[in-house]
Amino acid sequence: MAAYKPVVVQACPKLGEKITQDTLYWRGYKTPVQIKEFGAVNKIDFSPVPPYNYAVTASSRIHIYGRYSQEPIKTFSRFRDTAYCATYRDDGRLLAAGCEDGIVRLFDIGGKAPLRQFEGRSKPVHVVGFLSDKYRIFSGGDDYSSHLWDIPSATEIISYSEHTDYVRCGCASKVNADVFITGSYDHTVKLFDARAKSSVMTIEHGHPVESVLLFPSGGLLVSAGGRYVKVWDVLKGGQLLVSLKNHHKTVTCLCLNSSGQRLLSGSLDRHVKIYSTTSYKVVHSFNYATSILSLALSPEDETIVVGMTNGVLNVKHRKPEEKNEKSQKKRQPAYRTYVKGRTYMPKQEDFCVSKPVKRVLRKYDKLLRGFQSSKALDAVLEPPIMLHTPEVTVAVMQELHRRGTLRSALAGRDEKQVNLLLTFVARRVIEPRFTPVLVTVADMITDIYQPVVGQSAIVDKQFLKLQEAIGKEIDYQEELLEVLGMMDTLFATFTKKKDTCLEENKSNGLTEMIKTNRNY
Amino acid sequence: RRCPRGLRLPRDARAPSAGMTAFPPCRYLLCALGDFVKVYSVSTEETLRLMGGHADLVTGIQLNPHNHMQLYSSSLDGTIKLWDFMDGIPIKTFTVGSKLLALYTPASAEDSAFVVIPKKGERDTFQLVSVKLTKGAGQNVEAKELSVVLDDVGASMKHIAFGREGAYVVSVKDVNLQVYFFKRKLLNRFSLSTVKTKGGDNHFSCVVCHPTEDCIATGHADGKIRLWRNFHHKKEYTYSTLHWHHDIVMDLAFSMEGTRLLSGGVESVLVQWHNESSCQKDFLPRLGSPIEYISMSSDGALCCTLHTDNRITIINSNLRFSRSIQGLIKSRDVKTGLVVDPRTKALVLNGEPGHLQFYSLQSDQQLFSLDIVQRQYIHQAGLKQSDLVKVAFSARGTWLATVEESEEVTDPELQLKLWFYSEETQSFQLNTRINTPHDNHITDMCFRDMDELGDDSLILVTAGRDCVFKVWVMVEDTDPEAQQSVSWSCDFVGSYHNYQATNCCFSEDGSLLAVSFEETVTLWDSLTWDLKCTFCHPPGNIRNICFGRLTCSKYLIGATDYGFLCCWNLLTCALEWSAHLNVVVLQPDPLSEHIAAVSWLSKESSLFVFKPNEPRPVYIQRNLCKEKILLAAFVPRDEPEIISSEKYLWLRKSQLFFLTDTQELMTLSTKSLEERLTPSSKQLAVEESLPVTPFSLLLGKHRRQQAQEDVDLGKPVVHNKQEQASPAVKELLHTPAHVLPSASFLCTIFINSLLISKENKSAEEVADEVEMESEKAEDDSDEEDVTEMEQEDTSHMELLGETTCKLSKSQEKELRKIRKMDYSWISAF
């Protein structure tokens, strides 16, 4: 005697992206907060010390935002022209920024007026950074050269004019206080040592370099330019490790997450891609409304801030960790009952009788076991099942159809239930995996409720919706068939004799023709 | 020397088993199967005896009401046989003369039985007659004293029932019920309306009588059960109705006291009605297949149901499923063909709906049933069920591919499933499920059999009516987090001029794939999937194809619709020979070059066995059987059989089995039927048949004592020892499990009881035993011994000359002590 077999719910393999740990992690952000800036946001920098404020450089201002503030908590506006690249020092107390007028300004976080101004350049300064000894600043700009400044004396220490085009990005090593790199539109990334008179290393990126990044260990260098993100091994003399081509427009910014396990890149194609730094595969990607110019990730990955070309600042906060402990505790039995009997060790003479495992059946299965067709259908038409697991609803409908009781289960329902049914059918009938079953269901519903059409406005509306959905689908399929026909023609033209096995019979005449043509 | 028709394995479910009866202590179950009566042990489900002797179908079996060791059986060959089923010997044969369709032996009838025979001169009319079973000497007795009891009765066993103490007999036919009272010689007829009202159908399907009251229960075609009372009066009779079944009531049975009524039908649910009221009922659902017969054991402790698929279910009196006896399950339609499981050498075919049965040919038992469809089967007429249609095993049996489809024409719901044999669970586990592998029905499926290359090269090919064949390969999943490492996916789709693909077959080395497309056979290279060449033999579609084996591997054999058997040479790409033969089945032997072809011509099947390299057949058997043979399979033998006759040399390595359209499984055998049957018919020990009563226990004790006395008297030792050992084992086996001590404790006793102790080996050892016995007697005086020794020790100094002798004595004593210890150790057990 066999036990009742529950209805088999066809599990469909999920097409498209797989749910991995990464997708779960990166999806764990709230809906973004949009803040309008005055111009294109060219730099976002997080303060390395709590409370992790961030400086946003846009137009001729630098705004400092708090973690959850939508209004800037501080503004530096002493710029005559567009400001560039506001960067925090390691201790978070000083801020340096370049400007269109060629002056590099150094601000105290508390003050308003610049502490120092490094002058002497007429061309705009696009990149500014602190070396890791905190007392020196490097800068680069449209004068093709990079400079090193001493903060206390506000004087230039050394100047390198090796690039042959605008310098647009740079980065200081965290390991060595003398090393910094700059990337330029001359397709190169150059590594400088403050102790040497000229560049130590030159890396050919192949495209105008928009952003460079050094790994915390200092061993790996990432450069972005054109559609490419390239990773170089500095210790091996600038050997190319990987070249990533995942964007379809220029990559504008790079960023590492706090653990250094993931690399983020933003691009003009409105995407932020997240790579694993071990496999260099894209593990997740974000979609934004407009082209991305700058990108920053707060320590602990709490916040992702993205700046766009249209001056919108997009801020995403991580959702707080969900705590379901309370609800779980309720379900668990008391400790006493839980432990009861568990610790008993059977003695040698004891005869063990295994208790048969109690099978738990779903509600619809219980009803189907008792041949209660209508009730079983009711059970799967409940909103939670219908919305989240439509495959269960469809599986039960199919089972009822197999048993020949689907018609009687569908019949005799009131306006509300018919409305519910029709909503479900109209919504799901176009899904290929449900189509065969739901078409029969739709047929039956129209058959059964034909006589009462016109009596209820709601039901009539649903019928029209169903008609519309099916009509749309038919149009869509027609278009697809047209495309398929075109592609077939193209493929047939390209098919060579060698690999005709697939299409051999269909294209037999055609290939022969091609062959004869070639012979001539 | 050989049996021309082969052995018909007992698979015939046509057999009525109304006589299925359990012996009082519920030990045996008797069942009529085909021409045989089978005796099963209820406790072990084993077939104890197969009683053959009737020349035609056995139609009824009844226990002799006056001697429960005897059995009456009736057959279509016109004889009633009286059997001693303990020994399986026929005691008497009564020849009646005409076909016997049913047999009844009510206890009240002293020396007569009631049989149903066809009425002379009229077709399809039957009458119930009583036959005088004379007590004449001799084995064969003519029983010609017939007296008609009832006219115009139903031909089935279920249509007649004898009432309380045989006072009346009830017969039902169509919508009429007749009751005949023997004492009053009164015949009452009742009829129901023939009009089929809304869902109602009053036709009778079966009848039973209450064992203690005047009450008749009848089953009807619309699922109603009617309980008739007061039928002594022609007018004032009453009946009440019980209705649960939605389809015909197949059989009814009253419990011994008559308080419970069991009914069963197509729903395969056994319903138990209490006190003849419709509100109190219990169900035993999902018995697997429609219930055909219900039978109660004579002590009422067990009940069995016989199902349409040739299975017997034994059910406890509290309506709990106890066990089932099943051989080859009869399925509605064997669509899968006969396939041999390479692992177990079992025959694999459709079993229960949606299941695949593994049937062991050696033991006539179902090894296991694999649920393929995994869906609740609804036993209801007119439903479109889905069932298994194709099965294929990989060469080593590690992979199993199954195809299931539903009967619906528009949407066959095709599913291709691939199962992997898991060594841990020792069963097949679903690996991949492919929905709609083809757009239309799958016609054939085969694995590439390559033993030496291992599973990596495994390829599955399916041919479909949607004009393509598809090649499926194993794909390793690179994702380490995935649950399984391999899955199957489609690798190649091939077609030929938009013809339907009908058959596919790999050559022995796996390099070539032959796919037949209607009239044409195409050959494909299995590496590049290039079309190599085509063969055809117009007119007529290709029905079967197969490659030759071993030395004949360069040949391809094909059979066409128009009755041609063709052999193509693959090297020359030309037709080697062809023969005019309407081949239904073409089956190559996997272990030799031989190919068996079964033809169907003018209502008889003939068998031809040939080698592809010679057009002359090796063996021809015309008129193999009257039924159409649909399927055949070569089952490899465990060890080659020694066959002297050259004619049957092809049967040396494997055995050929056939399945006919009536689902009878047959085989060709060089041995006669009797030879094959002997090993199975063991002698039933009389002792075992005795029920365990307090008296028998007493008797047993007495016997044991006697046996021990025998030992004392010095009767042959070996024999007695066995007698002594057996009670210990028996006690162990007969004690109820819940009072037994733990197995680890019993184990030593059991093993020791099996040991042949030393005493039996030689007379010396017997003497030893005696010595030990005497020592045991000395045991009490042990202390005295010690004191004696002390005394001796004191005198030791004085008598130096005797020391050596004395020492040896003390040594001897010590040795004895050791022996004593040994003995006590043994006696502990």
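In order, the protein sequences belong to chains L and C.
Going by full-length UniProt numbering, the first sequence opens with residue 1, and the numbers climb by one from there.
Going by full-length UniProt numbering, the second sequence opens with residue 1, and the numbers climb by one from there.
A virtual CB, placed ideally from N, CA and C, is assigned to each residue, including glycine.
Helix, strand or coil: which one does DSSP assign to Gln362 (chain C)? coil
Just to confirm my understanding: we take Asn275 (chain C), look at its own chain, exclude 5 residues before and 5 after, and list those with CB closer than 7 Å. What are they? Thr259
Identify the contact partners of Asp411 (chain C) in chain L, using a Cβ-Cβ distance below 7 Å as the criterion. Pro436
Measuring straight from C-alpha to C-alpha, what distance separates Tyr25 (chain L) and Lys18 (chain L)? 13 Å
Since Arg637 (chain C) contacts Gln655 (chain C) with CB under 8 Å, what's their CB separation in whole angstroms? 6 Å
Between the segment 124–131 of chain C and the segment 143–151 of chain C, can you find at least three pairs of beta-carbon atoms closer than 8 Å? yes
Rounding to the nearest angstrom, what Cα-Cα distance links Ser153 (chain L) and Ile137 (chain L) in this structure? 12 Å
Between C:Leu328, C:Asp341, C:Thr528, C:Leu284, which lies nearest to Ile315 (chain C) when the distance is taken from Cα to Cα? C:Leu284
Could you check whether Asp251 (chain C) and Ile216 (chain C) sit closer than 8 Å to each other, using their CB atoms as the reference points? no
Could you tell me whether the Cβ of Val452 (chain L) comes closer than 8 Å to any Cβ of chain C? no
With 16 other CB atoms within 10 Å as the buried threshold, where does Gly509 (chain L) fall? Unreliable placement is indicated for Gly509 (chain L), whose pLDDT of 39 sits below 50; no coordinate value is reported for it.
Restricting to Cα atoms, I'd like to know which of C:Phe94, C:Ile89, C:Pro90 is closest to Glu80 (chain C). In the sequence as presented, Glu is not what sits at residue 80 (chain C); that position holds Ile. The option with the nearest alpha carbon to Ile80 (chain C) is C:Phe94.
Whole angstroms are fine: how far does the CA of Ser145 (chain L) sit from the CA of Ser159 (chain L)? 7 Å
May I ask you to list, following chain order, the residues of the segment 377–392 of chain C that have a beta carbon less than 9 Å from some beta carbon of chain L? Tyr377, Ile378, Gln380, Gly382, Leu383, Lys384, Gln385, Ser386
Residues of chain L with CB closer than 8 Å to the CB of Arg286 (chain C), please, in chain order. Met1, Ala2, Ala3, Tyr4
Within a Cβ cutoff of 8 Å, which residues of the same chain sit near Leu422 (chain L), ignoring the five residues on either side of it in sequence? Ile445, Val459, Gln462, Phe463, Lys465, Leu466
Mind pulling the chain L residues with CB within less than 8 Å of Ser744 (chain C)? Gln348
Here's the rule: buried if 16 or more other CB atoms are within 10 angstroms of the residue's CB, otherwise exposed. What is Cys171 (chain L)? buried
Taking the C-alpha atoms as reference points, what is the distance between Ser511 (chain C) and Val283 (chain L)? 42 Å
Just to confirm before moving on: does the CB-CB distance between Ile62 (chain L) and Ala97 (chain L) stay below 8 Å? yes
Do the CB positions of Leu531 (chain C) and Thr520 (chain C) come within less than 8 Å of each other? no
Please work out which residues of its chain come closer than 6 Å, Cβ to Cβ, to Asn257 (chain L), disregarding the five sequence neighbours upstream and downstream, and give them in chain order. Leu297, Asp301
With DSSP as the reference, label Ala11 (chain L) as helix, strand or coil. coil
Assess contact between the segment 497–514 of chain C and the segment 532–545 of chain C, defined as three or more Cβ pairs (one per stretch) separated by less than 8 Å. Is contact present? yes
Leaving out the 5 sequence neighbours to the left and right, which residues in its chain are closer than 7 Å to residue 524 (chain L) when beta-carbon positions are compared? In the structure displayed, chain L extends from 1 to 520; residue 524 (chain L) sits before or after that span and is not available.
Is the Cβ of Gln621 (chain C) closer than 8 Å to any Cβ of chain L? no
Going by DSSP, which residues form a beta bridge with Lys230 (chain L)? L:Ser223, L:Ser243
So, with DSSP's three-state summary, where would you put Trp273 (chain C)? strand
Less than 8 Å between CB atoms is the rule here; does Gln500 (chain C) satisfy it with respect to chain L? no
Is there a C-beta anywhere in chain L that falls below 8 Å from the one on Pro741 (chain C)? yes
Since Gln365 (chain C) meets chain L, which of its residues come closer than 9 Å, beta carbon to beta carbon? Correct list: empty, because the minimum Cβ distance to chain L is about 18 Å.
Between which residues of its own chain and Gly28 (chain L) is the CB-CB distance below 8 Å, once the five residues before and five after are set aside? Arg318, Lys319
So that I know if they touch, is there some Cβ in chain C lying closer than 8 Å to that of Gly341 (chain L)? no
Show which residues of chain C have a CB atom less than 7 Å away from the CB atom of Gly370 (chain L). Those do not exist, as Gly370 (chain L) stays about 10 Å from chain C at its closest Cβ, beyond 7 Å.
Is the number of C-beta pairs between the segment 419–437 of chain C and the segment 378–387 of chain C that are closer than 8 Å three or more? no
To which residues of the same chain is Leu400 (chain L) closer than 6 Å at the C-beta, ignoring the five residues directly before and after it? Ser373, Leu406, Ala409
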